[in-house]
Every structure is written in C-alpha cells, then in structure tokens.
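Only one structure is covered here, and it is reproduced in the block below.
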Amino acid sequence: MCGIIGYTGSKQVKPIIIDALTTLEYRGYDSAGMAVCNNQKNRTDVYKCAGRVRDLEKKCEFKDIDSTCGIGHTRWATHGGVCDTNAHPHSVGKVTLVHNGIIENYKDLIDEFDLSSALTSETDTEVAAAVLDHFYEKGHDAKKAVKSAVKKLKGTFALVIMFSDIPDVIYSIRNVSPIVATLSEEGAMLASDNTALCRFTDRYFVVPEYTIVELKKDKVTMWDLNDNEITPQYLTMDWEKNSAEKNGYPFYMEKEIMEQPKAIRDTISGRTRAGIPNFEADHIPDSLFTGCERICVVACGTAMHAGLVFQALVKSRLNMHIDVELASEFMYSDPVIDEKTLVIAVSQSGETIDTLEALKYARRKGAKSLSIINVKGSSIARESDYVLYTNAGPEIAVASTKAYTTQLALFYLIVYKMAHIRGVLSDDEIRECIRNLKRVPEVVSSVLDEKNAVHVIARGVLDAKDLFMIGRGLDYSILMEGSLKLKEVSYIHSEAYASGELKHGPIALITDNTPVVALVTQERIMSKELSNIREVRSRGADVALFIKADLIQSSTREFDTFVLPNLPDELMVFPASVALQLLAYYVSSDKGFDVDKPRNLAKVVTVE
Ligand code: M6R
C-alpha cells in the first residue's frame, strides 16, 4: 500500500525520490507523486500522476528541478478513484503533505472546518492537509499546528509534511501506519519502510506513534505531544546492501524462491544448542511455552497458511488445543482467549493491520504474545511480549515465498522446543528432529535444481481457467498455500480441496481436461489419497502429481509427475511448497504477467 519517502540533505532530491519510489513499488500502488522545496520561489512544487513511477519520472523529465529537499509517495487508492488529482502530495495553502492510512472522520472534518468548496480531490488526505493549514495559518508554528491537527484526526495515518515558508525542513507524525527515519552524513531521510532506506544506511529508528519528527539537513528532532524531546532508538538492519535488488533475476519472486535454502538456514542458525531448540538469544523464557494451556495463531494470507501447518504439528506432537484464526475475522468471532492462552501473531511485514489489531485484542483479554516477523522493529513486533525474527532478508515480491518457509522453520523449532520442555519427546528424539530440520535447506536446493521439470508442468496449465489442488492432512494445508500462490500471480482460479471432501460436492466440476494438481507426501493417508486421484482421473481430469520419492508406485507413473526429495513426512511441507511456488512463478512469467506486482494487490496491507 502507499509508499512514502522524504529527504533533506546535501544531494539533489529528485533522483533520491524516484529511486526510493521505485524501490517502494513492491508495496502495490496506482499513482505516484513528489513535492520539492523550491527555494528560489519560496514555494513547494508538486508533480504527480496516476500510473507508475516511470510515468512520474517522464512528467518531470524536462523540468528544472534544483532542490535538495522533498517528499514522494506511491498511492494505493482508498478514497477517490485513480486519477492525477487524487494522487499525493496534496497542497492546501502553505501545507503540502503525503499520507498513508485512512482518516476515518474526514467527512465530519469537512463540515467542521467548512471545507467543501475548498477541496479539489476526493481524498481524505486533502482534508488532513486543509485542517493542518487551518491551524498553521493561526500562528505559523509548525509544531503547534501539527499537534492541533492530529488531535482532530481519527483513523490511521502516517503524514509527511512540508510548509512552503519553512524551506528544507520536513515534518512527520503517525498513528499506527509506520514511519522509519535516519540521519546520515548525506542528510536526513524518512520512509514508510526501511527497504527505501537500506541502500543509504543500515541504521534507522522507528518513529513512535503520536511523536512529531522534524528533519533538517543535519539534524533530526522528535517531541511527544507534551513537547518533551524524545531520543531516537536506533536499530541496525542486518540486510545486506544489495539484498533489495534483483541481482540478475528477471523477477524478485524467482530471486526470493531461490534464496530459500540460505534463508531457512539463517532462520534456524543460532537457535539450537547441543541439538536442542534454544531461544535464549531471542530472550524468550521457557515459561512462555510451559505456562500456556492453549495456543491461538492470528495471521493473514500466507502467514495464516504457515499457522495451519503449525496447527497440524501441535496436534500431532503436543496433543494441545490450538486455533488458527484469520486475523480479519478474529475480533468479530468471539474468540476464546484468556491469560492461559499464548497468542502467536505471524506476519512478514509486521505491519498488517488486521493482524496487529487481532494481537492487541488478544492482549487486552490477557493472552501472552509472541510474534513471528521478518521486518525488525515493525509495529507487530513492538506490540508483542516476545518476537522471533525470520532472518529471510527483504521480501519484495508481493507473493510471499521465503517469508513462508522461514515462518515454517520457526514453527518447527517452537513445536520441538515445546515438546522438549513439556517432556513429550526425549532429548534423543528432539535431536533427531533437529537433525532432520537442518537437512531442509539442502533438500530445498535439490528441488530448485529441478526447477525446469516444474516449468514443464507449468506449461500444461497455462491456458487453464480453473484448477483444483487436492491432498489430505498436511498436504491439504500445503496446497492451500500453493493455491493462493497460483491464483495471486497467474489469475487462474485455483481451489485447494481436501481430497476426501471432493465427492461431497466439488467433483461435479471435474470434467474432461480439468487440471488437477495432486500432492502425496504423507504415507499414512497415501492409499486413500491415491484413490481420490483416480476418482478425478476417471472423470477426465489432467492430473499433475507432486509425490514424495519414497511413495512412488507403479500405478502413479501414469501421471505427469514431479518427484519430491525425501524427508520425514512431517517436513515434506518444505520441498512441496517450494515446488508449488515454482509452479505459480512459471505460469505467471510464461503468461507475460508482472509477476512481482499482481493486479489489485499490495505487499503491505495497512487498511482493514
Ligand atoms: O506481511 P504479512 O505476512 O502480514 O502479510 C499477510 C498477507 O497479506 C500476505 O501473506 C499475502 O497473502 C501474500 N500476498 C501472499 O503471497
């Protein structure tokens, strides 16, 4: 969703803004814009348009922009259609600002400040600019005006502001929607997320909520709403400098799929001692896992699918009660939560608002909380009692891949840890589990080595309109993620179905040449699964089979087959998921789609 950048310093700002907005494209957007400080004319110049960052770049191509201070924005439309006028920045009077989030009471504010005839766009953002300008006109005191204006705003917002008569200074304030900032020798910078900052510096701080930030060329100052100065709490990004670049791959999705062996290894690394899971470096006490009677996972999309695999493991290994809830439904479903509940929030970005709100709700009910997050210092991480970071590096493609498998790696460590401290498995049994878990990166590598074979299968479904993915038990959970992956990047309607459920309705949709992807990795339910595959085959389905090597039989050779390298059944989720990611990737790229930016989707979902 909306991306934000702001810079004031010694360098020309236009290329900095364009570069940063290009980096932020992955968040999903439909318009782009920037505002720069024009010191000669004592004004703020705004350039904006519906379309891509390259359209904005063209728009400014022949403009003589000589400025070292400016703000930029990519918009994902919420209030008002996609058009030049609704694009950010918005200017009212001396105020120019960009915004991420939603001003829920914008209609009331239009009435209260009598703005209806003054507004030119349909956005809630322009209303915020008008309210701020109203207060600024009263005393020309930027801090006071920001303070008074935000007291009027309801909703979520990250506002980044310039005043035309305060040259080379940028202000910002936020509620929920994130802003990170930094100061380096080249100037001061802020952004909606640190992928935009990582090529400049590896140090950044998260701007606390309801804190006014003032960026000058050589100084960053923050105050709370009572005028107390706040010291920035700097964090260090452990992302390598070029880790947010494509490094020769045509798409980030392919690059991120290929990075999984390393990402999984990095996630496990340092979290075992003498072959036993150990979270001391993450400051997680054993009591977190011994003190709970039930577990509740809250997450969205792919992260929720990782939770489903965890659920199967918790049931099979720990015999414990666990719920996995869609974060967007959680609060409205009267969840059973108490102080004996461990709530686990899972999120790559750490900013998904549904997950954040679900976590806050669970904590209000007394639950202890742990989050599994990729982005350090993100909102969900800060809201949780404890955090386990997936060390996946930046994930830029909208379709989540390495975040999912590293979330899984942490879930396996958690289950083995709990099995150990709750006395369910012996030390030797745990060591055996960890030995197998540590084989995952090498097994995933061998799937990646065979990617051309998946590509061949992908060619067979390019023209499909609808597709089924069928499996049982753990395979069904894996396919839910595989199916999401395919539909989001290829636009093929794909349904994951528990195979045994087919004959209770959906088998009516199977006719000649209906593509069916079948997954067989679980020995104990294999024979039932193979019967279900034959049921769809005898109704004309074209079956592509993904099967664990050890489970191949003479009767399975009639299908187009991709052989998955062996691991214990419990861990087959890793090679199977990676093969399904490759399937989705090849279908999308062969169809000529913009794989990394599927239509209508955003990488970071900051609206409910
Ligand atoms: O950042 P999060 O992990 O909280 O994001 C959750 C979902 O929005 C995300 O997994 C989404 O489903 C992906 N596009 C799936 O590939």
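First residue of the sequence shown: 1226, per our numbering; consecutive thereafter.
Built from N, CA and C at the ideal position, the CB exists for glycine as well.
Alpha-carbon spacing of residue i relative to residue j, whole angstroms
i: residue 1755; j: residue 1817; result: 34 Å
i: residue 1646; j: residue 1692; result: 43 Å
i: residue 1456; j: residue 1440; result: 14 Å
i: residue 1234; j: residue 1293; result: 6 Å
i: residue 1520; j: residue 1573; result: 20 Å
i: residue 1328; j: residue 1604; result: 19 Å
i: residue 1704; j: residue 1802; result: 8 Å
i: residue 1739; j: residue 1400; result: 48 Å
i: residue 1607; j: residue 1334; result: 31 Å
i: residue 1822; j: residue 1277; result: 12 Å
i: residue 1375; j: residue 1258; result: 23 Å
i: residue 1459; j: residue 1436; result: 15 Å
i: residue 1307; j: residue 1685; result: 36 Å
i: residue 1624; j: residue 1712; result: 10 Å
i: residue 1369; j: residue 1449; result: 11 Å
i: residue 1403; j: residue 1710; result: 27 Å
i: residue 1289; j: residue 1249; result: 25 Å
i: residue 1423; j: residue 1671; result: 31 Å
i: residue 1479; j: residue 1806; result: 9 Å
i: residue 1675; j: residue 1518; result: 43 Å
i: residue 1631; j: residue 1365; result: 50 Å
i: residue 1505; j: residue 1247; result: 39 Å
i: residue 1470; j: residue 1337; result: 47 Å
i: residue 1785; j: residue 1763; result: 15 Å
i: residue 1238; j: residue 1232; result: 7 Å
Proximal residues to residue i (C-beta, below 6 Å), its chain only, five neighbours per side dropped
i: residue 1507; result: 1613
i: residue 1330; result: 1379
i: residue 1634; result: 1489, 1492 and 1493
i: residue 1761; result: 1735 and 1741
i: residue 1321; result: 1260, 1269, 1314 and 1387
i: residue 1643; result: 1514 and 1543
i: residue 1637; result: 1662
i: residue 1484; result: 1627
i: residue 1340; result: 1355
i: residue 1530; result: 1705 and 1706
i: residue 1454; result: 1448
i: residue 1737; result: 1765
Nonlocal neighbours in the same chain, by C-beta distance under 8 Å from residue i, ignoring five residues either side
i: residue 1192; result: Lying before the first or after the last residue shown, residue 1192 is absent from the chain, which here runs from 1226 to 1833.
i: residue 1196; result: The chain is shown from 1226 up to 1833; residue 1196 falls before or after that span and cannot be answered.
i: residue 1302; result: 1255, 1256 and 1311
i: residue 1833; result: 1553, 1578, 1579 and 1582
i: residue 1725; result: 1697, 1753 and 1757
i: residue 1305; result: 1311, 1346, 1347 and 1348
C-beta contact flag for residue i and residue j at 9 Å
i: residue 1230; j: residue 1447; result: no
i: residue 1683; j: residue 1812; result: yes
i: residue 1828; j: residue 1474; result: no
i: residue 1792; j: residue 1707; result: no
i: residue 1349; j: residue 1262; result: no
i: residue 1486; j: residue 1666; result: yes
i: residue 1317; j: residue 1296; result: no
i: residue 1241; j: residue 1497; result: no
i: residue 1398; j: residue 1438; result: yes
i: residue 1464; j: residue 1618; result: yes
i: residue 1597; j: residue 1537; result: no
i: residue 1699; j: residue 1561; result: no
i: residue 1575; j: residue 1416; result: no
i: residue 1687; j: residue 1559; result: no
i: residue 1820; j: residue 1714; result: yes
i: residue 1395; j: residue 1385; result: yes
i: residue 1253; j: residue 1825; result: yes
i: residue 1652; j: residue 1532; result: no
Presumed contact (8 Å Cβ cut-off) between residue i and residue j, rounded CB distance
i: residue 1717; j: residue 1690; result: 7 Å
i: residue 1593; j: residue 1610; result: 6 Å
i: residue 1649; j: residue 1804; result: About 31 Å separates the two Cβ atoms, so there is no contact after all.
i: residue 1409; j: residue 1426; result: 5 Å
i: residue 1383; j: residue 1326; result: 6 Å
i: residue 1568; j: residue 1524; result: Residue 1568 to residue 1524, Cβ: 11 Å. No contact.
i: residue 1640; j: residue 1226; result: Not confirmed; about 33 Å, so no contact.
7 Å CB neighbourhood of residue i in its chain, flanking five on each side removed
i: residue 1319; result: 1358, 1361, 1388, 1389 and 1390
i: residue 1620; result: 1481, 1573, 1599, 1627 and 1628
i: residue 1748; result: 1776 and 1794
* Asked: Is the segment 1724-1737 close to the segment 1546-1554, with three or more CB pairs under 8 Å?
  -> By the Cβ test, the segment 1724-1737 is not in contact with the segment 1546-1554, since fewer than three Cβ pairs between them sit closer than 8 Å.
* To do: Specify whether the segment 1345-1364 and the segment 1429-1437 touch according to this definition: at least 3 beta carbon pairs, one from each stretch, less than 8 Å apart.
  => Below 8 Å, too few C-beta pairs join the segment 1345-1364 and the segment 1429-1437 to call them touching: fewer than three.
* Count the C-beta pairs between the segment 1790-1798 and the segment 1742-1750 that are closer than 8 Å, then say yes if the count reaches three, no if not. => These segments touch.
* **contact_flag[the segment 1586-1597, the segment 1763-1777] where n(CB pairs < 8 Å) is 3 or more** => The segment 1586-1597 vs the segment 1763-1777: no contact.
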